[in-house]
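Counting along the sequence shown from 1, when you hit position 115 you're at 169 in our numbering, and nothing is skipped either side.
For every residue, glycine included, the Cβ atom is placed at its ideal position computed from N, Cα and C.
Nothing here was measured: the structure is a model prediction, and the numbers come from that model.
See below for the structure under consideration.
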Amino acid sequence: MRLNHNEFNAMQGGFKEIIHKHLEMRTLKNLGLEITGKNVLEIGCGSGYGAELLSAYQPKTYLGIDLMPEQIRLAQQRNINNSQFEVLDATRMNQLNTPPIEEIVVFRILHHIPEWKAVLKASAKKLSPGGSIYIIEPYRYLSKLADLFLAWQHPPEALFTTAEIREEMHQLGFATKTTSIGYGFAMQGTIASAKTD
Ligand SMILES: C[S@@+](CC[C@H](N)C(=O)[O-])C[C@H]1O[C@@H](n2cnc3c(N)ncnc32)[C@H](O)[C@@H]1O
Numbered sequence: 055m056r057l058n059h060n061e062f063n064a065m066q067g068g069f070k071e072i073i074h075k076h077l078e079m080r081t082l083k084n085l086g087l088e089i090t091g092k093n094v095l096e097i098g099c100g101s102g103y104g105a106e107l108l109s110a111y112q113p114k115t116y117l118g119i120d121l122m123p124e125q126i127r128l129a130q131q132r133n134i135n136n137s138q139f140e141v142l143d144a145t146r147m148n149q150l151n152t153p154p155i156e157e158i159v160v161f162r163i164l165h166h167i168p169e170w171k172a173v174l175k176a177s178a179k180k181l182s183p184g185g186s187i188y189i190i191e192p193y194r195y196l197s198k199l200a201d202l203f204l205a206w207q208h209p210p211e212a213l214f215t216t217a218e219i220r221e222e223m224h225q226l227g228f229a230t231k232t233t234s235i236g237y238g239f240a241m242q243g244t245i246a247s248a249k250t251d
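Here it is, written out as structure tokens:
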């Protein structure tokens, strides 16, 4: 779901980038994020700050997708080496023509997507055997507070708990590790091979 005006503005620069760099990236590194020389997909790349942080580790390829064309334009303006950006709804990830993806990164996206389970399923299919997904999401109470006091908007279908997302990951065949980041959680999921149904 598109961000509303208030959240779109809050996502550009400032405080968000400090948290993104010093808390979220460090937490993912501690969970084992290792992308040097790998093919990386970032779901919901926004205006490309995550791509900038990830590019420091020199992935082989990086593709960032986002639903909002205005976010993708901002990301492209950063001119990050070896990085590509594409407007795409994550629920249509199966349309992507990419090399085998070894790492998927998600910075605060799934709680915007009513069909978050479908996105996890598509991620499981997109990953090479042994590949991992790294997810940062806020606790749902925080999304509710942001809607109430900052007039952001989150779809009720995506107000999952940490336990619900973990359970979904296990159903898909991911082995997971989770850690708290105060306002939310970071989860790493590694897949031997995607379960088909
Ligand atoms: C909270 S922002 C985070 C953006 C970026 N990861 C960051 O940290 O700055 C959520 C992003 O998810 C994107 N988004 C929401 N629903 C999406 C979907 N179905 N497919 C792709 N991107 C989506 C929004 O356009 C927005 O850029």
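I want to check one thing, is the minimum distance from the CB of residue i to the heavy atoms of ligand 1 below 8 Å?
i, result
"Arg-80", "no"
"Ile-134", "no"
"Ser-247", "no"
"Phe-161", "yes"
"His-166", "yes"
"Val-94", "no"
Mind checking residue i: buried by the 16 CB within 10 Å criterion, or exposed?
i, result
"Tyr-195", "exposed"
"His-76", "exposed"
"Ala-217", "exposed"
"Ser-247", "exposed"
"Ala-205", "exposed"
"Glu-157", "buried"
Tell me, to the nearest whole angstrom, how far the beta carbon of residue i is from that of residue j; I am working on the premise that it is less than 8 Å.
i, j, result
"Leu-95", "Ile-155", "5 Å"
"Tyr-116", "Gln-138", "7 Å"
"Arg-102", "Arg-132", "The sequence given here places Gly at residue 102; Arg does not occur at that position. Correct: roughly 5 Å between the Cβ atoms."
Could you spell out the range, first to last residue, of the beta strand (DSSP E) harbouring residue i?
i, result
"Ile-119", "115-120"
"Ile-190", "181-192"
What are the boundary residues of the alpha helix (DSSP H) that residue i is part of?
i, result
"Gly-68", "68-73"
For the stretch 134-150 against the stretch 158-175, are there 3 or more C-beta pairs whose distance is under 8 Å?
Taking 8 Å as the limit for Cβ pairs, the verdict is that the stretch 158-175 does touch the stretch 134-150.
Do the stretch 235-250 and the stretch 184-204 make contact, defined as three or more Cβ pairs closer than 8 Å?
Yes, the stretch 235-250 is in contact with the stretch 184-204.
Three or more beta-carbon pairs under 8 Å between the stretch 179-186 and the stretch 200-218, yes or no?
Contact annotation: the stretch 179-186 does not touch the stretch 200-218, with fewer than three C-beta pairs closer than 8 Å.
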